[in-house]
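Enquirer: The sequence shown begins at 1 in full-length UniProt numbering and counts up one residue at a time. One structure, pasted below without further comment.
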Amino acid sequence: MSRQPFYDVLSLGEVLLRLDPGEGRVRTSRQFTTWEGGGEYNVARGGRRCFGLRTGILTAFADNEIGRLIEDLILQGGVDTNLIKWVPYDGMGKRVRNPINFTERGFGVRGAKGSVDRGHSAASQLKPGDFDFDHLFGTLGCRWLHTGGIFAGLSESTAELTIQACESAKRHGVTVSYDLNYRPSLWQERGGFPAAQALNRQLAPYIDVMFGVLSDEPPVASAVPTDPNDIFAAEDAKLRPAIQKLVTEYPNLKTVAATLRRVHTASINDWGSLCYHEGNFYRSRNYPRFDILDRIGAGDSFVAGLVAGMLLENDAQKAVDYGAAHGALAMTTPGDTSMATLVEVQKLAEGGDAKVQR
Numbered sequence: 001m002s003r004q005p006f007y008d009v010l011s012l013g014e015v016l017l018r019l020d021p022g023e024g025r026v027r028t029s030r031q032f033t034t035w036e037g038g039g040e041y042n043v044a045r046g047g048r049r050c051f052g053l054r055t056g057i058l059t060a061f062a063d064n065e066i067g068r069l070i071e072d073l074i075l076q077g078g079v080d081t082n083l084i085k086w087v088p089y090d091g092m093g094k095r096v097r098n099p100i101n102f103t104e105r106g107f108g109v110r111g112a113k114g115s116v117d118r119g120h121s122a123a124s125q126l127k128p129g130d131f132d133f134d135h136l137f138g139t140l141g142c143r144w145l146h147t148g149g150i151f152a153g154l155s156e157s158t159a160e161l162t163i164q165a166c167e168s169a170k171r172h173g174v175t176v177s178y179d180l181n182y183r184p185s186l187w188q189e190r191g192g193f194p195a196a197q198a199l200n201r202q203l204a205p206y207i208d209v210m211f212g213v214l215s216d217e218p219p220v221a222s223a224v225p226t227d228p229n230d231i232f233a234a235e236d237a238k239l240r241p242a243i244q245k246l247v248t249e250y251p252n253l254k255t256v257a258a259t260l261r262r263v264h265t266a267s268i269n270d271w272g273s274l275c276y277h278e279g280n281f282y283r284s285r286n287y288p289r290f291d292i293l294d295r296i297g298a299g300d301s302f303v304a305g306l307v308a309g310m311l312l313e314n315d316a317q318k319a320v321d322y323g324a325a326h327g328a329l330a331m332t333t334p335g336d337t338s339m340a341t342l343v344e345v346q347k348l349a350e351g352g353d354a355k356v357q358r
């Protein structure tokens, strides 16, 4: 690896075109705002725009006007596009397409709702050998690889590619993070939650930083807190033993982090985060009854903040604080990705408020 790695962070994942009806409903809207977004990509984007990291995206697009629109949006976010695979378009989308995500933000008692059209996407057809990981990690150099269960769950070939990428990164000394991000829609025809868990366990030995907690059961609703001074006391008490069990089973895991969220309405949530790092636990400040404009992508912004905190500060407490603050700020603006600045993240992480700044 070169003395100065070319990339701070590379993300491996699918990038979708989000069509946002704003305050309306998809089924009745006549106008949509376009954004780019994707679970793994959002981390690279947040890392670049908010934290100034050198980031790139490993993905694929069908080479048509929709693909070039998504590329233009990625370029505006500052993420390097040189590693994108462009696949010739067949004119009809029978063989290859670009994924589209219609997403409502939700409000009050009406929750956010997504309708994703990702069949035959170029990214879902990526396979082992499509990227030269030895060149990327060994010659160009990269400090951190991020990927997750959304991309790995797209197809059998993306699962195999994810394993190849993580194995190669591990071999070259690159920190590897993985967001479990279970999506029932991706697995409903491929074995459901048990199949996703089997893949996650296959990947776990290559992972340094895990977002979410491996469990033998599907996620369940949060328990009612018992400590009035800590809105997440019950969740904290449940998560710590699960994390301890996880790192005992996979001692290669240096860090395990998770967001803490309780939904009052689509517009009001409790928000916070917990992080295990090398034997110790760290909690962010709590954000009780937090007002939300658009919650989509908040977890990815948490990941971006934590990754940046580790790379820039090498401090687990600052990392979990950056992650929670960045995720909170991302929910105050529309779109999947954050519009926050580093100064805003630092101020909020340190206990800042929403007073007018002049």
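Every residue, glycine too, gets a C-beta built ideally from N, C-alpha and C.
Beta carbon of residue 211, beta carbon of residue 258: below 8 Å?
Expert: Less than 8 Å divides the Cβ of residue 211 from the Cβ of residue 258.
Enquirer: On the three-pair Cβ rule with 8 Å, is the segment 275-282 touching the segment 26-33?
Expert: no
Enquirer: If you draw a straight line from the C-alpha of residue 93 to the C-alpha of residue 321, how long is it?
Expert: 43 Å
Enquirer: Compare the beta carbon distance of residue 142 and residue 41 with 8 Å and say whether it is the shorter of the two.
Expert: no
Enquirer: Buried or exposed: residue 23, going by 16 or more other Cβ atoms within 10 Å of its Cβ?
Expert: exposed
Enquirer: Closer than 8 Å is the cut-off here; do at least three beta carbon pairs connect the segment 307-315 with the segment 142-152?
Expert: yes
Enquirer: Going by the beta-carbon positions, is the gap between residue 324 and residue 273 smaller than 8 Å?
Expert: yes
Enquirer: What does a CB cutoff of less than 7 Å around residue 217 pick up in its chain, not counting 5 residues either side in sequence?
Expert: Any reading at residue 217 needs caution, since the residue's pLDDT is 47, under 50, leaving its predicted position unreliable; the model's value is listed next. If the five residues before and after residue 217 are omitted, its C-beta is found closer than 7 Å to no C-beta atom of its own chain.
Enquirer: Of the residues 183, 254, 236, 299, which one's Cα is nearest the Cα of residue 155?
Expert: 183
Enquirer: Tell me which residue opens and which closes the beta strand (DSSP E) that residue 275 is part of.
Expert: 268-277
Enquirer: Please name the residue in 115, 85, 50 whose C-alpha comes closest to that of residue 312.
Expert: 50
Enquirer: With distance defined between alpha-carbon atoms, name the residue in 161, 153, 243, 168 nearest to residue 191.
Expert: From the listed residues 161, 153, 243, 168, the smallest Cα separation to residue 191 is found for 153.
Enquirer: Tell me which residue opens and which closes the beta strand (DSSP E) that residue 147 is part of.
Expert: Secondary structure note for residue 147: its beta strand (DSSP E) is the uninterrupted segment 142-148.
Enquirer: Which residue's Cα is closest to the Cα of residue 98: 106, 85, 104?
Expert: For residue 98, the nearest C-alpha among the options comes from 85.
Enquirer: Quick one: what's got a C-beta closer than 8 Å to residue 207's C-beta in the same chain, skipping five residues either side?
Expert: 166, 176, 177, 178, 250, 252, 253
Enquirer: From the DSSP output, in three-state form, read off residue 114 for me.
Expert: strand
Enquirer: If we count the other Cβ atoms within 10 Å of its Cβ and call it buried at 16 or more, is residue 82 buried or exposed?
Expert: exposed
Enquirer: Classify residue 75 as buried or exposed, calling it buried when 16 or more other Cβ atoms lie within 10 Å of its own Cβ.
Expert: exposed
Enquirer: Using the Cβ count rule (16 or more neighbours within 10 Å means buried), how would you classify residue 262?
Expert: buried
Enquirer: Based on DSSP bridge pairs, tell me the residues matched to residue 285.
Expert: Bridge partners of residue 285: none, in fact.
Enquirer: DSSP state of residue 384, grouped into three classes?
Expert: Within the shown structure, residues of the chain are numbered from 1 to 358, placing residue 384 beyond reach of any answer.
Enquirer: With H, G and I counted as helix, E and B as strand and the rest as coil, what does DSSP make of residue 210?
Expert: strand
Enquirer: Alpha carbon to alpha carbon, how far is residue 266 from residue 14?
Expert: Near 26 Å, if we compare the C-alpha coordinates of residue 14 and residue 266.
Enquirer: Terminal residues of the continuous alpha helix (DSSP H) containing residue 101?
Expert: Looking at the DSSP string, residue 101 is not in any alpha helix (DSSP H); the run it does join, the beta strand (DSSP E), is 100-104.
Enquirer: My parser needs the alpha helix (DSSP H) runs of 4 or more residues fully inside the segment 289-343; what are they?
Expert: 298-313, 316-330
Enquirer: Looking only at DSSP bridge pairs, what is residue 87 linked to?
Expert: BP columns for residue 87 point to 62.
Enquirer: Assuming residue 72 and residue 88 make a contact with CB atoms under 8 Å, what is their CB distance in whole Å?
Expert: With 8 Å as the limit, residue 72 and residue 88 do not qualify as a contact, their Cβ atoms being about 19 Å apart.
Enquirer: Since residue 255 and residue 209 are thought to touch, with beta carbons under 8 Å apart, how far apart are those beta carbons, to the nearest angstrom?
Expert: 4 Å
Enquirer: Mark residue 91 as exposed unless 16 or more other C-beta atoms lie within 10 angstroms of its C-beta, in which case mark it buried.
Expert: Here residue 91 is exposed. Its C-beta has fewer than 16 other C-beta atoms within 10 Å.
Enquirer: My guess is that residue 123 and residue 60 are in contact by the Cβ rule of under 8 Å, so how many angstroms apart are they, rounded?
Expert: 5 Å
Enquirer: Please work out which residues of its chain come closer than 7 Å, Cβ to Cβ, to residue 243, disregarding the five sequence neighbours upstream and downstream, and give them in chain order.
Expert: Scanning its chain for C-beta atoms nearer than 7 Å, with the 5 sequence neighbours on each side dropped, one finds around residue 243 the residues 213, 256, 276, in chain order.
Enquirer: Would you call the CB atoms of residue 339 and residue 293 closer than 8 Å?
Expert: no
Enquirer: So the beta strand (DSSP E) residue 37 belongs to, where does it begin and stop?
Expert: 33-37
Enquirer: Of the residues 336, 334, 327, which one's Cα is nearest the Cα of residue 344?
Expert: It is 327.
Enquirer: Can you name, in chain order, every residue of its own chain whose Cβ lies under 8 Å from the Cβ of residue 114, other than the five neighbours on each side?
Expert: 101, 102, 103, 104, 296
Enquirer: Throw me the rounded Cβ distance for the residue 286 and residue 300 pair, which I believe falls under 8 Å.
Expert: Residue 286 to residue 300, Cβ: 20 Å. No contact.
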